[in-house]
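Just so it is clear: in the sequence shown, position 15 is 15 by our numbering, and no numbers are missing.
We treat Cβ as the ideally placed atom computed from N, Cα and C, and that holds for glycine.
In this text, all values refer to a predicted model and were calculated from it rather than measured experimentally.
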Amino acid sequence: MPDHSFDEFVRAALPTLRRYAYALTGAVGPGDDLIQDTLVKVAGAWRRVHGDGNPVAYAKTAMLNTYLSAWRTRRRRPELVPLVDDRPGPDAYAGVDARDLLRRALGRLPRDQRAVLVLGFLDDLSDDQLATLLNRRPATVRSLRARGLAALRQQLAPEGVGGETHARS
């Protein structure tokens, strides 16, 4: 007999899980794969999770652990070919371009730094909460955040700013 409470949970939590998956993976396809993997784990533990009373938190933790797990990094993924379009976009799409630039910059960060930034800014979690989720010390979380933000600043700096991006003669 199917468990209707799990179906209801999935319908209610899917928008939140989809947002986290997209923020962590940076793409819809891998995000959907991450959601599926997460929901398989949650379904397997549903009786215990549902009884404990916070299935969304369990699902978020399962998603983060799945994202950070080593087997996903070994998984073969197709190589992405960047779209080269040298035409300037209209101003109406400047916000979209900025979000895309940020998403790509986040995608180049190491997994731990990206997880700290995404979870810290999406859920406004404290260093102690992030440390608990990532099984790290709060000082390590602060270091990961600082290094991640520094890397983002360097990647997103306009040409010629910061000393590293200008051409040397």
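Report task. Answer yes or no: do A156 and A115 have a C-beta to C-beta separation smaller than 8 Å? Result -> As a working mapping, residue 156 is identified with position 156 in the sequence shown. As a working mapping, residue 115 is identified with position 115 in the sequence shown. According to the sequence shown, residue 156 is Leu rather than Ala. Taking 8 Å as the Cβ cut-off, L156 and A115 do not qualify as a contacting pair.
Report task. Could you tell me how far apart the beta carbons of T38 and T16 are, in whole angstroms, since I believe they sit closer than 8 Å? Result -> Walking along the sequence shown from the start, residue 38 turns up at place 38. Walking along the sequence shown from the start, residue 16 turns up at place 16. Wrong, their Cβ atoms sit about 11 Å apart, outside the cutoff.
Query raised in the report: Do you know how far the Cα of A92 is from the Cα of A98?
Result: Indexing the sequence shown from 1 puts residue 98 at position 98. Indexing the sequence shown from 1 puts residue 92 at position 92. Answer to the nearest angstrom: the Cα atoms are 12 Å apart.
Report task. Check each candidate in L125, V42, R153 and name the one with the smallest Cα separation from P55. Result -> Position 55 of the sequence shown, counting from 1, holds the residue named residue 55. Minimum Cα distance to P55 is reached at V42.
Query raised in the report: For L101, is the beta carbon positioned less than 7 Å from some heavy atom of the ligand NAP?
Result: The ligand content of the structure shown is nil, which means the ligand NAP is not present either.
Requested in this report: Report back the beta-carbon spacing between A12 and I35 to the nearest angstrom; my notes put them in contact at under 8 Å.
Outcome: Taking the first residue of the sequence shown as 1, we reach residue 12 at position 12. Taking the first residue of the sequence shown as 1, we reach residue 35 at position 35. The Cβ separation is near 14 Å, so there is no contact.
Query raised in the report: Roughly how many whole angstroms lie between the Cα atoms of A70 and D112?
Result: As a first step, residue 70 is located in the sequence shown; it is residue number 70 there, counting from the start. As a first step, residue 112 is located in the sequence shown; it is residue number 112 there, counting from the start. The pLDDT assigned to A70 is 46, lower than 50, so where the model puts this residue is not dependable; a value taken from the coordinates is nonetheless given after this. About 12 Å.
Query raised in the report: G120 and L134 look like a contact to me (Cβ under 8 Å); what is the Cβ gap, rounded to whole Å?
Result: The residue you call residue 120 lines up with position 120 of the sequence shown. The residue you call residue 134 lines up with position 134 of the sequence shown. No, G120 and L134 are not in contact; Cβ-Cβ is about 11 Å, not under 8 Å.
Report task. Measure the CB-CB distance between V118 and D127 and report whether it falls below 8 Å. Result -> Position 118 of the sequence shown, counted from the start, is the residue given in the question as residue 118. Position 127 of the sequence shown, counted from the start, is the residue given in the question as residue 127. Not a contact, by the Cβ cut-off of 8 Å.
Query raised in the report: Cα separation between A27 and F9?
Result: For this step, residue 27 is matched to residue 27 along the sequence shown. For this step, residue 9 is matched to residue 9 along the sequence shown. About 24 Å.
Query raised in the report: Would you report the Cα separation of K60 and L125, rounded to the nearest angstrom?
Result: Counting from 1 along the sequence shown, the entry for residue 60 is found at position 60. Counting from 1 along the sequence shown, the entry for residue 125 is found at position 125. Taking the straight line from one Cα to the other gives about 13 Å.
**Report entry** Own chain residues within Cβ distance below 8 Å of H50, not counting five before or after
**Finding:** The residue you call residue 50 lines up with position 50 of the sequence shown. Only S5, F6, F9 meet the Cβ criterion.
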